[in-house]
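For the sequence shown, our numbering assigns the number 4 to the initial residue and increments by one for each residue that follows.
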Amino acid sequence: MKRNKYILFLLAFLALPCGEGCGGVLLATERTILLGPKTIGKAWKDNIVLEARHFKDVQPGDVLTVYNDRAKGTAQGAFQNPQTWQGVAPEYGYFGINGPFRMTMTEDILRIARTHGIAIGGHDYRILRVTVSDSADYRETIVWNGPAVVMKSDWSASAEIEGRCFATLQEGDGLRLHVSKVQEGAAAKLMDFTWNALDPSVDGMPVGENGITWYIHDRAPLLKLQLAGTGSNTAMRVGGKGYRLDQIGIVQFVGEVSEDLSSAQRAPKEYTLQPGELFHGEKYFPADWSGNLTINAAPFQKCTENDVLLISYRLDPAAKAAGVTPQLSLRNTRTWGELTGAAEPVWYPLDGNDVVYLFDAVALDAVKTRGFILTGVGFTLTKIELISAQ
């Protein structure tokens, strides 16, 4: 199979645990379902929703991978339900990023994905592409079998893992923690032999019922483990709270990468904001009422009642065909109430013409203090401009 340099680069970083009962190594295919770039900016204001169609044939144990770049040291990712904007599972509501990040699909997650899709959010990174791969694409070798350690609520317990367990660990591999007795708020910390976190992303990462798989994408964590030596020397300590550590495995990708992009979803084109533009792009507001966009307060600090918002959009033909009336509303970010302070939200019907929003004193105070949320249904938002009406 012909591979360009980018595909080869991705292949070098793939790793996730084989599903239960997968037996020997089976060659499968990793397929792209979203092509970026999509910038996930600061303050949890950006996201992109993977369309539900991508999950029709996905099975429990299959793996969703988000390749990204430009991640800041404090960057976080999230897999969310686009209907409620909560994490699709407790461990996926937020987590640190240190390279490509992944989610193993479960029956519960697939029920959400097949109905509403999955939103990828967080802050301070850029999505390059998103892929789905079969559980058979991954091989796992158990390297530590206990004795099991119960992580107490005061973070006082830890497991000492000997250097010999990491003899085959390489850059691009994943470390998987098999756990049980998981409590609400469970968290784990992976440390070197000096009790320092191997990476900021593993300092208190959420633990779910299916455990954790952490991928090593640079040499630094490997060097920390190797400094402890091999054999019976303690190379890594695993701590945390609210779970029992039962086993540790090393996982490797053994499948192939598909170059077929014919069914991939494309991220909206990104634009550089010009003076006066608060948003410029393509933000879809679907018929299930899950779409919203937050604009922070910074652009409004010198705003007066002589200024107006000009909101541009494209109507969604599918919404009209489904009997949905395209409309939008502006809300305050504290209560989601009407921006003007009215008891009931004001909905602006969309007929294809731009919406011109005039500020009153209450709305002006609200946007200067907290910004606003734009919500609605049946259209694709293309631009929001702040214009002086003088």
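Idealized CB from N, CA, C, for every residue including glycine.
Do the CB positions of residue 232 and residue 288 come within less than 7 Å of each other? Taking 7 Å as the Cβ cut-off, residue 232 and residue 288 do not qualify as a contacting pair.
Cross-strand partners of residue 1 (DSSP beta bridge): Because the chain spans 4 through 393 in this model, residue 1 falls outside it and cannot be assessed.
Can you name, in chain order, every residue of its own chain whose Cβ lies under 6 Å from the Cβ of residue 243, other than the five neighbours on each side? When the five nearest sequence neighbours on each side are left out, the beta carbons in the same chain lying within less than 6 Å of the beta carbon of residue 243 are those of 154, 190, 191, 192, in order along the chain.
Could you check which residue in 306, 104, 51 has the C-alpha nearest to that of residue 83? If we check each option's Cα against that of residue 83, 51 comes out closest.
Excluding the 5 residues preceding and the 5 following residue 382 in the sequence, name in chain order all residues of the same chain whose CB lies nearer than 6 Å to its CB. Within the same chain, residue 382 has close Cβ partners 288, 316, 318, 319, 329, 353.
If I'm right that residue 39 touches residue 78 with Cβ under 8 Å, what's the distance once you round it to whole angstroms? That pair is no contact at about 15 Å.
Who pairs with residue 250 in a beta bridge, going by DSSP? Residue 250 is bridged by DSSP to 181.
Given residue 100 as reference, the closest of 111, 129, 88, 86 once Cα atoms are compared: Checked all of 111, 129, 88, 86; the closest Cα to residue 100 is 129.
Assuming residue 241 contacts residue 248 under a Cβ cut-off of 8 Å, what Cβ separation, rounded to an integer in Å, is found between them? With a Cβ gap of about 6 Å, residue 241 and residue 248 count as contacting.
Pair every Cβ in the segment 342 to 361 with every Cβ in the segment 299 to 316, then say whether three or more of these pairs are closer than 8 Å. Cβ pair count under 8 Å is three or more, so yes.
Please classify residue 70: is it buried, with 16 or more other beta-carbons within 10 angstroms of its beta-carbon, or exposed? It counts as buried.
Just verifying my parser: in three-state terms, what is the DSSP assignment at residue 348? Residue 348 sits in coil when the DSSP states are folded into three classes, being neither helix nor strand.
Determine whether the beta carbon atoms of residue 308 and residue 375 lie at a separation below 7 Å. No, these two residues do not count as a Cβ contact at 7 Å.
For residue 279, which of 221, 302, 332, 293 has the nearest alpha-carbon? With distances taken between CA atoms, residue 279 lies nearest to 302 out of 221, 302, 332, 293.
Between which two residues does the beta strand (DSSP E) carrying residue 126 extend? For residue 126, the enclosing beta strand (DSSP E) begins and ends at 121 to 126.
Taking one C-beta from the segment 193 to 200 and one from the segment 252 to 261 each time, how about it: are there three or more such pairs within less than 8 Å? Contact between the segment 193 to 200 and the segment 252 to 261 is absent, with fewer than three C-beta pairs closer than 8 Å.
Three or more beta-carbon pairs under 8 Å between the segment 203 to 216 and the segment 161 to 174, yes or no? No: fewer than three Cβ pairs fall under 8 Å.
Assuming the contact rule is C-beta atoms closer than 8 Å, residue 367 and residue 295 should be a hit. Round their C-beta distance to whole Å, please. Not a contact, Cβ separation roughly 21 Å.
CA-CA distance, residue 26 and residue 59? Unreliable placement is indicated for residue 26, whose pLDDT of 41 sits below 50; no coordinate value is reported for it.
Tell me, to the nearest whole angstrom, how far the beta carbon of residue 384 is from that of residue 286; I am working on the premise that it is less than 8 Å. Right, the Cβ-Cβ distance comes to about 4 Å (below 8 Å), so this counts as a contact.
If you draw a straight line from the C-alpha of residue 234 to the C-alpha of residue 228, how long is it? Each residue's alpha carbon lies about 12 Å from the other.
Among 87, 91, 73, whose alpha-carbon lies nearest the alpha-carbon of residue 81? Checked all of 87, 91, 73; the closest Cα to residue 81 is 91.
Report buried or exposed for residue 216, applying the criterion of at least 16 other Cβ atoms within 10 angstroms of its Cβ. Counting C-beta atoms within 10 angstroms of its own C-beta, residue 216 has 16 or more neighbours from the protein chains shown and is therefore classed as buried.
If you drop the 5 nearest sequence neighbours on each side, which residues of the same chain put their C-beta closer than 6 Å to that of residue 117? Counting only Cβ-Cβ distances below 6 Å, and skipping sequence neighbours, we find 55, 58.
Hey, residue 149 and residue 186: beta-carbon distance below 7 Å or not? Residue 186 sits away from residue 149, with the two beta carbons spaced by 7 Å or more.
What did DSSP end up calling residue 282 once you bin it into helix, strand or coil? In the three-state reduction of the DSSP assignment, residue 282 falls in the strand class, which pools E and B.
Quick check on residue 334: does DSSP put it in helix, strand or coil? Of the three classes helix, strand and coil, the one that applies to residue 334 here is strand, per DSSP.
Going by other Cβ atoms of all chains shown within 10 Å of its Cβ, with 16 needed for buried, is residue 72 buried or exposed? Classification of residue 72: exposed, given that the 10 Å Cβ count is below 16.
Which same chain residues end up closer than 6 Å to residue 299 when comparing Cβ atoms and leaving out the 5 residues on each side of it in sequence? Annotation for residue 299: 374 place their beta carbon closer than 6 Å to its own, counting only its chain and skipping 5 residues before and after.
What ranges does the beta strand (DSSP E) occupy inside the segment 57 to 141, keeping only unbroken runs of at least 3 residues that lie completely in it? Counting only runs of 3+ residues, the beta strand (DSSP E) found wholly inside the segment 57 to 141 occupies 66 to 72, 79 to 83, 104 to 107, 121 to 126, 128 to 136, in chain order.
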